[in-house]
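Here is the structure we will look at, set down as structure tokens.
Residue numbers (the numbering used here): 896 to 982.
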């Protein structure tokens, strides 16, 4: 059941990040889920560096915000690689 929730939340986080980074039209649901899940790992790493910790087994607002931040960072890196700049 945890994986299903992770996929749903990952899709939502990836979609929100794609809206923030202005890439919503070029991404489908699959890539939103991938960006959200990978972004949550990046956000967890960033959170551990600055002391905002979250675990996969507990639901928390700081964890969601760090996941969104990680997904935005991931899309920023993707923009730099594809277009040579961050939007």
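Note that beta-carbon positions come from the ideal geometry of N, C-alpha and C, so glycine has one too.
Neighbourhood of residue i by C-beta, 6 Å cutoff - its chain only, sequence neighbours within 5 removed
{"i": "residue 964", "result": "938"}
{"i": "residue 898", "result": "none"}
Among the options, the one whose alpha carbon lies nearest that of residue i
{"i": "residue 960", "options": "977, 974 and 931", "result": "931"}
{"i": "residue 957", "options": "970, 935 and 922", "result": "935"}
{"i": "residue 966", "options": "905, 897 and 898", "result": "905"}
{"i": "residue 911", "options": "977, 969 and 978", "result": "969"}
Contacting residues, own chain, Cβ-Cβ under 8 Å from residue i (five flanking each side not counted)
{"i": "residue 903", "result": "none"}
{"i": "residue 909", "result": "922, 926, 927, 928, 929, 930, 931, 932, 934 and 966"}
{"i": "residue 940", "result": "965"}
Nonlocal neighbours in the same chain, by C-beta distance under 7 Å from residue i, ignoring five residues either side
{"i": "residue 901", "result": "932"}
*Any contact of the region 938-947 with the region 913-925, i.e. 3+ C-beta pairs under 8 Å?*
no
*asked:* Give the list of continuous alpha helix (DSSP H) stretches no shorter than 4 residues that lie fully inside the region 911-971.
replied: 924-945
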